[in-house]
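Sequence lines, in order, name chains A and B. All residue numbers for the first sequence refer to the numbering used here, where the first residue is 1 and numbers rise by one. All residue numbers for the second sequence refer to the numbering used here, where the first residue is 279 and numbers rise by one. C-beta atoms are modelled at their ideal positions from N, C-alpha and C, and glycine is treated no differently. I have placed the structure first, in the form of structure tokens, so that the comments after it can refer back to it.
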Amino acid sequence: MRPVFVIAGDLLREAAARRWFLGLFAGITLVVLVFGFALRMDVVDGALAATRLFGRPMHTDIRTAESVMSSVFLALAYLVFYGGLAFGVVACADFAPELLAPGRIEHLLSLPVRRWQLLLGTYLGVLGLAVVGSLYGSGAFTLLLSVKSGVWTARPIVAGLLAAATFGAVYAAMLAAAVFVRSAALSAAVGAVIVIFGIIAGEREDLAPLFEEGVSRAAFLAATAPAPRISQLASHAADFAASRPVALAVMLKALVGLGMFAGGCVVVGMWKFERKDF
Amino acid sequence: MNNAIWLGAALALFGAGAFVMTWNDPAAAERERVARLEFPTHPRPTDEARLDARRTLTPAPLATASVAAAPARPHDPLLVALAAPADVAMIVEAGTILRTPLGERMLGCMTAQEREHLEGKMNEQGVRWLDVVDRVAVSLAAGSDDTVFIVAGKLGGVDWSKVFVGATVERHPTGAALFTSGASGTSREQHAAVWNDSLVLVSRTAEALDVRLNRLRDGGAGVPLAFAETEEYGEIYGVVGKRALAGLAPDDLRDRIEADAAQAVIHVDARDDVLLVADVEGDSANEIDDLGKSLGAALAVARVKAKSDGHDHVVRLLDASRVRTLEGALRAEVAIPTALVEEHFTRCGDRTE
């Protein structure tokens, strides 16, 4: 497995060399700073006396900082989750097509590395990027809000890691698509479709009654069965960030299913990669 | 590795993922349970036996009938007393319902004060109503005073002077005892008739009772029943006319129901899960088909809205509701799961303390 991690490390180094990291961190830092300067909270004896966002007062009644921050962390978790997914789909779409670019792929294949290791290393490298990005984004936001409100918690950071894990499943499908057709646009489109499909799959029990009983409903349920439950995981992440009760068993099942979906997509990509002529 | 191994591994992963995410899913299990529910769409053997036992009223021979005509089949006196025309004609098997888990929970929900009041009333009147009442029925005619409430049961031992205290008593030509209370023309005016120690009819007008007592005297001969006796099954059953049906419908469907539907035949099975079936009939098969689709869509939209509003009990109710079209008629099926009923009555526990 060592070559896999070497390739993953190479991808991270390459991202840094391409100033990709710089762009990512600059973007996140900018959003955090704008938010940080715009938000002003007055906490007196654990109660939030006044809040101003972009100069506009947000609350007129005095509430405990914990109760207010619970809602703020909930919104933050959703922002990091869906914002992170959208950003990841767009920003990471060209990693796999770049890997497969003529000239570069021949060089990589000449190295003493198996093809599946090359693909798995790329996948883990991008997953590592997502983890670092989400840790930085959710960590910076959490730190900022904790300093301003006096409510210290690491829960939104864990929620950010859930978002990174979810992106892992989305990127697995993007990677497999790129192996079939070397196109950043197609890879991003597949990522977007998986995100939308995952949102639908997360609400499948609620949406199923919209289909007529019989073939159409059964087809909908069958089609959404293996899809990652993205909206469900987003809700779990938000509930966890806001210190609300989380159905742990349901969340674990969604996470295991997410891993299986990602594994299935990566295996399909490996299968195609092994058979491909370069 | 060959193709089969790669693709087999991928399929196994997708399959395992799907299995894990759908396995032991409470929502899916509830959906399957609801799909297996047997809604009251036809009489059970016990319903048929019950109806046969209740067919005790033999219609009088019609003056126009030929000598060779076969003797008419006896009717259920309560159904004869309800009789058409009515906007709503419903019968509740009160005695049966009170002995079901639902009825026991309803009675258990009474506060100590309410229980004391009921006991006091029954002691005062010298009758254990919960033991003697078999059925309760209502016949409503929109826009008229022809509304009649009927109680059916074994009422032979009841001292009616203690029940209708202060009422004047007279004898109807059919032999029924008539009790009148309240000044004529006022809102307190009330008439009651006790027929054959098995039916008590209560109305605001003497005419409404007179018509029904005459029908009972004739054994229901020559007048249409409020609904066919074959529809007498379940724990609650009857018909709801188009005006009353439109009144119950959501605003955006009200006009369509009034235009397209003729009436709805209702049956409720309340033995365990409360299961309601409403068969809506109309003049035009196409219009009824369209109405069915509109109702189905309205249910689905209402469910999504309830979900987004966080009204979980409504979501669970709508989960178990569906609309089907059946060759020119539509059938709405609504199930109120036992768990939901229990939850509702558990909440009333605070009230009974």
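Item	Value
Backbone CA spacing between B:Gly512 and A:Ala254 [nearest angstrom]	43 Å
CA nearest to the CA of B:Ser439, picked from B:Ala455, B:Leu477, B:Ile369, B:Leu503	B:Ala455
Cβ shell of B:Glu536 (< 6 Å), same chain only, five flanking positions each side left out	Lys520, Ala524
Beta-carbon gap between A:Ile157 and A:Gly139 smaller than 8 Å	yes
DSSP three-state assignment for A:Thr142, whether helix, strand or coil	helix
Beta-carbon neighbours of A:Arg261, restricted to chain B and to distances below 8 Å	As written in the sequence, residue 261 of chain A is Phe, which differs from the Arg given in the question. Per Cβ cutoff of 8 Å: Leu291, Phe292, Gly295.
Alpha-carbon spacing of A:Phe73 relative to A:Ser67, whole angstroms	10 Å
B:Leu285 at chain A interface by Cβ criterion, 8 Å	yes
Proximal residues of chain B, C-beta to C-beta of A:Val268 below 7 Å	Ala288
Spatial distance of B:Ala548 from B:Glu510 (CA atoms)	14 Å
Short CB-CB distance (under 8 Å) between A:Glu213 and chain B	yes
Cross-strand partners of B:Asp448 (DSSP beta bridge)	Reading the sequence as shown, one finds Glu at residue 448 of chain B and not Asp. B:Leu456, per the DSSP bridge assignment.
Close Cβ partners of B:Ala287 (< 7 Å) along its chain, the five nearest in sequence each way excluded	none
Within chain A, the residues that B:Arg600 reaches when beta carbons sit closer than 9 Å	Pro209, Glu213
Residues that DSSP places opposite B:Met368 in a beta bridge	B:Val416, B:Gly516
A:Leu175 to B:Val592 span [Cα, whole Å]	42 Å
Residues that DSSP places opposite B:Val426 in a beta bridge	B:Ser417, B:Ser481
Proximal residues of chain B, C-beta to C-beta of A:Ala254 below 7 Å	Met299
Three-state secondary structure (DSSP) of B:Asp568	helix
Extent of the continuous beta strand (DSSP E) to which B:Trp301 belongs	Taken as a continuous stretch (DSSP letters only), B:Trp301 belongs to no beta strand (DSSP E), as it is neither H nor E.
Distance between B:Thr389 and A:Gly202 (C-alpha atoms, nearest Å)	43 Å
B:Arg600 (DSSP reduced to helix, strand or coil)	strand
Chain A within 8 Å of B:Arg581, Cβ atoms only	yes
Backbone secondary structure at B:His545 - three-state DSSP	strand
Classification of B:Asp557 by the beta-carbon crowding that lies within 10 angstroms, buried from 16 upward	buried
Burial state of A:Arg155, where buried means 16 or more other Cβ atoms lie within 10 Å	buried
Local Cβ density within 10 Å of A:Gln232, reported as buried at 16 or more and exposed below that	buried
B:Pro379 vs B:His353 beta-carbon contact at 8 Å	no
Neighbour list for B:Asp597 in chain A, Cβ cutoff strictly below 8 Å	Pro209
CB contact check: B:Glu631 to chain A, cutoff 8 Å	Its pLDDT being 47, under 50, B:Glu631 is placed unreliably by the model, and the measurement read from it follows with that caveat. For B:Glu631, the answer is no, since every Cβ of chain A falls outside 8 Å of its Cβ.
Integer Cβ distance of A:Ile194 from A:Val179, believed to fall under 8 Å	Between A:Val179 and A:Ile194 the Cβ distance is about 15 Å, and since that is not below 8 Å, they are no contact.
Alpha carbon of B:Gly295 to alpha carbon of A:Phe197, nearest angstrom	15 Å
Residues bridged to B:Ala556 (per DSSP)	B:Ile544, B:Ala610
Minimum C-alpha distance to A:Pro280 - residue among A:Val4, A:Glu14, A:Pro102	Outside the modelled stretch of chain A, which goes from 1 to 278, sits residue 280 of chain A, for which no answer is possible.
CB contact below 8 Å: B:Ala556 versus chain A	no
Nonlocal neighbours in the same chain, by C-beta distance under 8 Å from B:Arg333, ignoring five residues either side	Arg351, Pro352, His353, Asp354, Glu507
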